[in-house]
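Numbering (full-length UniProt numbering), first residue to last: 1 to 269.
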């Protein structure tokens, strides 16, 4: 069986060696390894081959026992052995040729069920910039805009509990704040299917984040179905950092609000 493993290890000598030793003792072969250093910790992305009887839960137990934290394990295939920088370069080429392929490209690179490292967050932001540049170039070349994309007429109404995106009297998206627990706030965000991939979700997320900061939150937790593919591109396009986890209730997106400016002065306008 092949599994893709994402875990955080302490940034200390011997941490990775301890994980490799545990895998070796359990007859688990490490086939690929990507390391993403962060402040005080290291995110490791591995592709491992296990004995046939092993389950994802058994891999989680193995990695956790070796000191791994925030362990995510999903089945994979041999195509996950591709060199990651090469995969990002290929995705950049695809997005340059077709900017609208950005959501599928990001989902293919990052997957909807793993947390992002800081390095991957930066890569996603750059890929989003490439897509935006491609759209701008097409517009300058007098390419006709999509019939369903007059985003300049979208208005955003901010209240104390959320943000609504509307065109005239028609609501095309909404983001809502729920209960605040300590310094974290739960929230929800939805964009009508016909109005996705047009930047509305990005604007809603940014405005909702500012509203959350106004209420004293330092982290926002968004919940989404496990099958939702729009989470990755919206988070990347917003330029915000976050971690995506798979829970029994679906995807849990933890968004850091560090550096976000409050927009309390916009409420009611």
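C-beta atoms are modelled at their ideal positions from N, C-alpha and C, and glycine is treated no differently. Please read these numbers as outputs of a predicted model, since none were measured by experiment.
Where the beta strand (DSSP E) containing residue 196 begins and where it ends = In the chain shown, counting from the first residue as 1, residue 196 sits at position 196. Where residue 196 is concerned, there is no enclosing beta strand (DSSP E), given that its DSSP letter is neither H nor E.
request  = Classify residue 210 as helix, strand or coil using the three-state DSSP reduction.
outcome  = Counted from its first residue, the chain shown places residue 210 at position 210. If DSSP states are grouped into helix, strand and coil, residue 210 belongs with the helices.
request  = To the nearest angstrom, report how far apart residue 177 and residue 243 are at their CA atoms.
outcome  = One-based indexing of the chain shown puts residue 177 at position 177. One-based indexing of the chain shown puts residue 243 at position 243. Each residue's alpha carbon lies about 19 Å from the other.
task = Could you give the DSSP three-state label for residue 149: helix, strand or coil?
result = Translated into the one-based positions of the chain shown, residue 149 becomes position 149. Confidence at residue 149 is low in this model, with a pLDDT of 44, below 50, so its placement is unreliable and the value that follows should be read with caution. Residue state, collapsed to three classes: coil.
inquiry  = Let me check understanding here. Comparing Cα to Cα, which of 253, 204, 235 lies closest to residue 263?
reply    = For the purposes of this step, residue 263 is taken as residue 263 along the chain shown, with counting starting at 1. The option with the nearest alpha carbon to residue 263 is 204.
ask   = For residue 48, which of 36, 68, 74 has the nearest alpha-carbon?
value = One-based indexing of the chain shown puts residue 48 at position 48. With distances taken between Cα atoms, residue 48 lies closest to 74.
In DSSP terms, what residue 123 is bridged to = The residue labelled residue 123 in the question sits at position 123 within the chain shown. Answer is none; residue 123 lacks a bridge partner.
request  = Count the other C-beta atoms from every protein chain shown that fall within 10 angstroms of the C-beta of residue 27, then say buried if there are 16 or more, exposed otherwise.
outcome  = Here residue 27 refers to the residue found at position 27 of the chain shown. Counting Cβ neighbours within 10 Å, residue 27 comes out exposed, since fewer than 16 surround it.
ask   = Can you tell me whether DSSP reads residue 142 as helix, strand or coil?
value = For the purposes of this step, residue 142 is taken as residue 142 along the chain shown, with counting starting at 1. Legend: pLDDT at residue 142 = 39, less than 50; position of this residue unreliable, value from coordinates given subsequently. Reduced to three states, the DSSP call for residue 142 is coil.
task = Tell me the start and end of each unbroken beta strand (DSSP E) in the UniProt domain "ACT" (4-84) that is at least 3 residues and wholly inside, in chain order.
result = 29-38, 41-49, 69-75
request  = Name the residue from 125, 202, 109 whose alpha carbon lies nearest to the alpha carbon of residue 154.
outcome  = Position 154 of the chain shown, counted from the start, is the residue given in the question as residue 154. Looking at the Cα atoms, 202 is the closest of the given residues.
query = Between the region 84-94 and the region 53-68, do at least 3 Cβ pairs fall closer than 8 Å?
reply = no
ask   = Is there contact here, the region 125-134 with the region 249-260, by at least three beta-carbon pairs under 8 Å?
value = no
inquiry  = Is the separation between the beta-carbon of residue 78 and that of residue 44 shorter than 8 Å?
reply    = Numbered from its first residue, the chain shown carries residue 78 at position 78. Numbered from its first residue, the chain shown carries residue 44 at position 44. No, these two residues do not count as a Cβ contact at 8 Å.
ask   = For residue 76, which residues from the same chain have a beta carbon less than 7 Å from its beta carbon, with the 5 sequence-adjacent residues on both sides left out?
value = Taking the first residue of the chain shown as 1, we reach residue 76 at position 76. Once the five neighbours on either side are set aside, the close Cβ partners of residue 76 are 2, 3, 4, 47.
task = Identify the continuous beta strand (DSSP E) that holds residue 252 and give its terminal residues.
result = Counting from 1 along the chain shown, the entry for residue 252 is found at position 252. It spans 250-256 - the beta strand (DSSP E) in which residue 252 sits, taken as one unbroken run.
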